[in-house]
Amino acid sequence: MQDTPGGWKRFVRKVEPYVPGEQPSDRNMIKLNTNENPYPPSPDVVRALRMMSSDENRLYPDPNSTVLVNAVAERYGVKPSQVFVGVGSDDVLANAFLTFFNSENPILFPDVTYSFYKVWAACYGIPYETVPLTEDWRIDPALYARKNGGIVFPNPNAPTGVAMDRSAVREILLKNRDVVVIVDEAYVDFGAESALPLLEEFDNLLVVQTFSKSRSMAGMRIGFAIGNEELIRCLSDVRFSINSYTMNRPSLAAGTAAIRDEDYFRKTLDKIMETRDSVKDLLEAMGFFCLESCANFLFVSHPDVPAKELFEALRERHIYVRYFSQPRIDNFLRITIGTTEQMQVLLDSLTRILRERAV
Ligand code: PMP
83 MQDTPGGWKR FVRKVEPYVP GEQPSDRNMI KLNTNENPYP PSPDVVRALR MMSSDENRLY
143 PDPNSTVLVN AVAERYGVKP SQVFVGVGSD DVLANAFLTF FNSENPILFP DVTYSFYKVW
203 AACYGIPYET VPLTEDWRID PALYARKNGG IVFPNPNAPT GVAMDRSAVR EILLKNRDVV
263 VIVDEAYVDF GAESALPLLE EFDNLLVVQT FSKSRSMAGM RIGFAIGNEE LIRCLSDVRF
323 SINSYTMNRP SLAAGTAAIR DEDYFRKTLD KIMETRDSVK DLLEAMGFFC LESCANFLFV
383 SHPDVPAKEL FEALRERHIY VRYFSQPRID NFLRITIGTT EQMQVLLDSL TRILRERAV
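Using the numbering used here, the letters of the sequence shown map in sequence onto residues 83 to 441.
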């Protein structure tokens, strides 16, 4: 029964959702498309999960996520009141957009960047403008010196992997003291400089990180933000206005165990960075153009073969990488760094694909 043309559909919030990378069920695949870590989480995570009794799940978790907040605070040398945790950094970022980007002026982010920013802005009705990366794929701080309602960018940037040094981040902050500046450091552990030391100087800086990449826990969904106490209080107020119990009990136990195992974290990072650097050299020797990456992925393009063709040829061989059909980057592939063995299979397959095409 419908009284008015359009009915309830007229009042629906129209959104164009973010499209995450595929999670295929192909058992023989090599999955290099969503920047997961190829190594398992710390063995302490397994122990922590085993020690949980399933009876504990009868009870709601601690709404303040105290153990995890304290562990993050201790690891980064900040006060617990400066830490906010969420269900992956996507959840943290979504909450931060909702909390801090409430101006009539447009928020700013790079034209080539994490494509979720646009989606959150549209979903919450936040006006935005994109700022072009330079010709050599850098974020130019000078271009962020204009009227805005807030700024967000990843460092290193995604999907390019290109990092800015701390002084460049500081330059953006110096020009934008009256709005919140969010630095999305999802990939920072793979070799970039964190903005965390700038917290002493700027009360409008929010640094967001995740357990999904450097701590191998994408499946657990744990992210966090560190900032000035007042900023964190505002973020928590919004979060508590939506959902009191965001972090479930297994995530609290597993996340706490993971962040305390610094040795394992360092070892895994070293392996991935070493693999990344040697794969980059080998791809360059094959004629690929590779951006300088400080992340757990490489952003590459071949002068003779369109990226889309390479993407499809790799997929036929059960190797999944990421291709973005977007202006400026539609001739690039984003390749997550896997194990050395997985990367060898990738390199062999690319050699074969290029050779077959040449004959
Ligand atoms: N920021 C950037 C730049 C990312 O690439 C990702 C991963 N898709 C995220 C945030 C979110 O990661 P997660 O929600 O798994 O922490």
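For glycine and all other residues, C-beta sits at the position ideal for the given N, C-alpha and C.
- Here the alpha carbon of P162 sits roughly 29 Å from the alpha carbon of N117.
- When secondary structure is reduced to three states using DSSP, F293 falls in the coil class, being assigned neither helix nor strand.
- In this structure S298 is buried. Its beta-carbon is surrounded by 16 or more other beta-carbon atoms within 10 angstroms.
- Within the DSSP secondary-structure output, E211 pairs in a beta bridge with L190.
- Three or more Cβ pairs drawn from the stretch 208-216 and the stretch 189-197 lie within less than 8 Å of each other, which places the two stretches in contact.
- Per DSSP, the unbroken alpha helix (DSSP H) holding S318 starts and ends at 311-322.
- R92 carries a helical assignment under DSSP once its states are collapsed to helix, strand and coil.
- Within the stretch 99-140, the alpha helix (DSSP H) runs of at least 4 residues that lie entirely inside it are, in chain order, 125-133.
- With 16 or more other Cβ atoms from the protein chains shown falling within 10 Å of its own Cβ, S296 counts as buried.
- Look at the stretch 235-268 and you find these whole runs of beta strand (DSSP E), each 3 residues long or longer: 263-266.
- Between N115 and Y402, the gap from beta carbon to beta carbon is short of 8 Å.
- In the DSSP assignment, no residue is bridged to Y142.
- Judged by beta-carbon spacing, T195 lies within the 8 Å limit of F235, meaning their Cβ atoms are closer than that value.
- Sequence-distant partners of R259 (beyond 5 residues in either direction) whose C-beta falls short of 7 Å from its own C-beta, in its chain, are N286.
- Closest in alpha carbon position to K113, among T418, F414, R434, is T418.
- The beta carbon of E98 sits closer than 8 Å to those of V201, A204, all from its chain and outside the five residues before and after it, given in chain order.
- Not one heavy atom of the ligand PMP is found less than 7 Å from the C-beta of G88.
- Shortest Cα-Cα distance from T338 to any of G88, Y100, Y142, S147 involves S147.
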